[in-house]
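Visitor:
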Amino acid sequence: MATKQKTKSLKSKGADLANTFFQLEVLNGKQISDAKFPAFGAKIGEVGYPTLTPTELEVFQLNIGKLCNQTCTHCHVDAGPDRKEENMDKATLEKCLKVIAAVPSIHTVDITGGAPEMNAHFRWFVEECTKLGKKVINRCNLTIIVANKKYNDLPQFFKKHKVHLISSLPYFSEGKTDSQRGDGVFQASIKALQMLNEAGYGKNDPDLVLDLVYNPNGAFLPDDQASLQSLFKRKLSTKFDISFNSLFAITNLPIARFLDYLLQSGNYEEYMEKLVNAFNPMTVESLMCRNTISVSWEGYLHDCDFNQMLDLKVATSGNRHLDDFDLEALKNRKIVVNQHCYGCTAGAGSSCGGEIT
Amino acid sequence: MINLNVNMTKDVNLRKMAEKTYFNPEDLKKFGDISKWQETLGKKFFDYYGEVFKEGALSAREKALIALAVSHAVQCPYCIDAYTNTCVQKGAEEAEMMEAVHVAAAIKSGATLVYGVQMMNHNDKISMK
């Protein structure tokens, strides 16, 4: 099914915001906006976390590439069809497998992108992870399933390997979905969801979990996750006979294209103020960066996917790469924080699994 | 060289100009300050307000749509901003929000038109048949 790109990547436009250092300067009031907000590090210090430290490493998250069939307006990865070079090669995936196999506490391999399925080694990698007995999460944008015949069998592939699917659907109607993700995306997503339901996903089989991700379609915070889930379930069931397991409400972090949107629309300062004012100390204990390591397509290690997109590598010595993976050093590291982290502590909190309180 | 849309500066300037009008959007953030001069009544009001908008026989989403409609009927710019935000946050569809405004408009226009009966009655009284 045909979809139309909503925008271009910041990189292809040659935008200043394609530079991660520039983004950090903006977030710290040194470029474009002179608005200053309390330093996130100091804010968590006030509530008992002078440093943010990791718990046990449980989730190994890989961003296996920036290549995507969509160019969504809010994308913190700045992914798109033009990002063909930045994709994890097989040698790096093999290094990931070695780490996953060597660390028993890692129970989940969380694969994201871009559209992870567009990486030539995606299916092989999923198979290898399941051979290791690890739970595999795939962050699927849905439309990839119907983008090309070669992807049409993905529901059966996912089913075979009991892949837990977490898929973006920002709204239950066409206008708001397509305005964020591109014309035609809603219809393609609905078709893909129906195919997944036909394969048994999103129903009662505990091995075939289909969760949806809601993220606000603009400069506002998500509402209560349970209420949104109830609304989405009712609307998708009534209108399209679609079922799913859970809805995760995720806050948009001021990074990359969403930061660009905030600045272009004049919403940046107000949005940051909302995030800061909604700071909830109860979220800090459960922040996803505490039990996760996020690996970039080149094999560098980060505390989370957002830090990865700002090129903030883990604060350990050495080159902070898979080649030097040192579990003890990682356990003793301080998690790198910056102003974007307010996005994960606002309200009920936000993570790749939705609310955290 | 900052590679941002030139319209951004224009938009920000327009926004700053708008903020200098009688209704300042920033004042909404100070709403709680009304308790400073009368704490007891202020507290009672905000407690009541909070209770009203909780989930009840009506959902919080339905209440937000009612509030949006009433905001238009009472022509309160602060309320319109606030309940547009709330409705969007609660997943209200644009058509639902506009229909809510039409409900307010229908009641307002109906309330005007129903006086037409009074006009007709009075016309009948003073006119020869």
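Residue numbers (our numbering), protein chains in the order written: chain C, 428 to 784; chain H, 58 to 186. For glycine and all other residues, C-beta sits at the position ideal for the given N, C-alpha and C. Source: prediction; values computed, not measured.
1) Under a CB-based cut-off of 8 Å, is H/Ala117 close to chain C?
2) Got a sec: is the Cβ-Cβ distance from C/Ser436 to anything in chain H below 8 Å?
3) Could you tell me which residues DSSP puts in a beta bridge with C/Ile720?
4) Using a cut-off of 7 Å between C-beta atoms, extract the partners of H/Val148 located in chain C.
5) Using DSSP's beta-bridge definition, name the partner residues of H/Arg118.
6) What residues in its chain sit with their C-beta under 6 Å from that of C/Phe599, if we drop five residues either side in the sequence?
7) Can you pull the DSSP bridge partners for C/Arg566?
8) Evaluate C/Gly770 with the Cβ neighbour count: other Cβ atoms within 10 Å of its Cβ, from every protein chain shown; 16 or more gives buried, anything less gives exposed.
9) With a CB to CB cut of under 6 Å and the five nearest residues on each side skipped, what residues in its chain are close to C/Thr784?
10) Any C-beta of chain H within less than 9 Å: which residues of the region 597–631 of chain C qualify?
11) Sorted by chain position, which residues of the same chain lie with C-beta nearer than 6 Å to H/Cys136's C-beta, five sequence neighbours on each side aside?
12) Nearest CA to the CA of C/Met715: which residue from C/Asn644, C/Leu484, C/Leu648 and C/Lys517?
13) Taking C/Ile647 as the query, report the chain H residues whose CB atoms sit under 8 Å from its CB, ordered along the chain.
14) For a cutoff of 8 Å on Cβ pairs, would you count H/Glu83 as touching chain C?
15) State the Cα-Cα distance for the pair H/Leu98 and H/Ala157, rounded to the nearest angstrom.
16) Strictly under 8 Å for the Cβ-Cβ distance: is H/Glu156 near chain C by that measure?
17) Does the separation of the CB atoms of C/Asp833 and C/Thr447 fall below 8 Å?
18) Is C/Asp751 near the ligand NAD, judged by its Cβ being under 7 Å from some heavy atom?
19) Taking 8 Å as the CB-CB limit, is H/Glu151 close to chain C?
20) From H/Met154 to C/Met515, what does the alpha carbon distance come to, in whole angstroms?
21) Can you look up C/Ser778 in the DSSP assignment and give me helix, strand or coil?
22) Just to confirm the assignment, what range does the beta strand (DSSP E) spanning C/Thr539 have?
23) Let me know the secondary structure DSSP gives C/Asp638 once reduced to three states.
24) Run through the DSSP bridge pairs and tell me what C/Lys586 is partnered with.
25) How is C/Tyr598 classed by DSSP in three states: helix, strand or coil?
26) Which residue spans inside the region 88–116 of chain H form an unbroken alpha helix (DSSP H) run of at least 4?
27) Between which residues of its own chain and C/Leu680 is the CB-CB distance below 7 Å, once the five residues before and five after are set aside?
28) For the region 671–723 of chain C, which segments carrying the alpha helix (DSSP H) assignment without a break, of at least 4 residues, lie completely within its bounds, in sequence order?
29) Could you check what DSSP says for C/Ala429 in three-state terms: helix, strand or coil?
30) Note the first and the last residue of the continuous alpha helix (DSSP H) segment covering H/Leu85.
31) Please name the residue in C/Met545, C/Lys438, C/His748 and C/Lys618 whose C-alpha comes closest to that of C/Cys495.
32) Should C/Lys463 be labelled buried (16 or more other beta-carbon atoms within 10 Å of its own) or exposed?
Guide: The relevant details are as follows:
1) Closer than 8 Å to some Cβ of chain C, the Cβ of H/Ala117 qualifies, so yes.
2) At a cut-off of 8 Å between beta-carbon atoms, C/Ser436 makes no contact with chain H.
3) For C/Ile720, which the question treats as bridged, DSSP gives the partners C/Phe487.
4) Sequence inspection shows Gly at residue 148 of chain H; the Val mentioned does not correspond to that position. Listed along chain C are Asp650, Leu655 and Leu658, each with a C-beta nearer than 7 Å to that of H/Gly148.
5) DSSP output for H/Arg118 lists no bridge partner at all.
6) Here the set comprises Phe659, Lys662 and Leu663.
7) Bridge partners of C/Arg566: C/Ile593.
8) Counting Cβ neighbours within 10 Å, C/Gly770 comes out buried, since at least 16 surround it.
9) The beta carbon of C/Thr784 is closer than 6 Å to those of Met709, Thr710, Ala775 and Gly776 in its chain, skipping five residues each way along the sequence.
10) Taking 9 Å as the Cβ-Cβ cut-off against chain H, the residues of the region 597–631 of chain C that qualify are Tyr598, Phe599, Ser600, Gly602 and Lys603.
11) Result list for H/Cys136: Ser128, in chain order.
12) Of the listed residues, the one whose Cα sits closest to C/Met715 is C/Leu484.
13) Checking the displayed sequence, the identity of residue 647 of chain C turns out to be Phe instead of Ile. Residues of chain H passing the Cβ test: Asn142, Val145 and Gln146.
14) Taking a beta-carbon distance threshold of 8 Å, H/Glu83 does not count as an interface residue toward chain C.
15) Near 31 Å, if we compare the C-alpha coordinates of H/Ala157 and H/Leu98.
16) By this cut-off, H/Glu156 is not an interface position.
17) Nothing about residue 833 of chain C can be read from this structure; chain C reaches only from 428 to 784.
18) This structure simply doesn't include the ligand NAD, nor any ligand for that matter.
19) Closer than 8 Å to some Cβ of chain C, the Cβ of H/Glu151 qualifies, so yes.
20) The straight-line gap from Cα to Cα measures roughly 45 Å.
21) DSSP, reduced to helix, strand and coil, places C/Ser778 within a strand of the structure shown.
22) Taken as a continuous stretch (DSSP letters only), the beta strand (DSSP E) holding C/Thr539 covers Thr535 to Thr539.
23) C/Asp638: strand per DSSP, three-state reduction.
24) Per DSSP, C/Lys586 has no beta-bridge partner at all.
25) In the three-state reduction of the DSSP assignment, C/Tyr598 falls in the coil class.
26) Taking 4 residues as the shortest admissible run, the region 88–116 of chain H contains the following complete alpha helix (DSSP H) segments, listed from N- to C-terminal end: 96–109.
27) Cβ within range, chain order: His503, Phe733, His767 and Gly770.
28) Entirely contained in the region 671–723 of chain C, the alpha helix (DSSP H) runs reaching 4 residues are, in chain order, 683–691 and 695–704.
29) Note: C/Ala429 maps to coil in three-state DSSP.
30) Neither: H/Leu85 is in no alpha helix (DSSP H) and is coded neither H nor E.
31) If we check each option's Cα against that of C/Cys495, C/Met545 comes out closest.
32) A residue is called buried once 16 or more other Cβ atoms fall within 10 Å of its Cβ, and C/Lys463, having fewer, is exposed.
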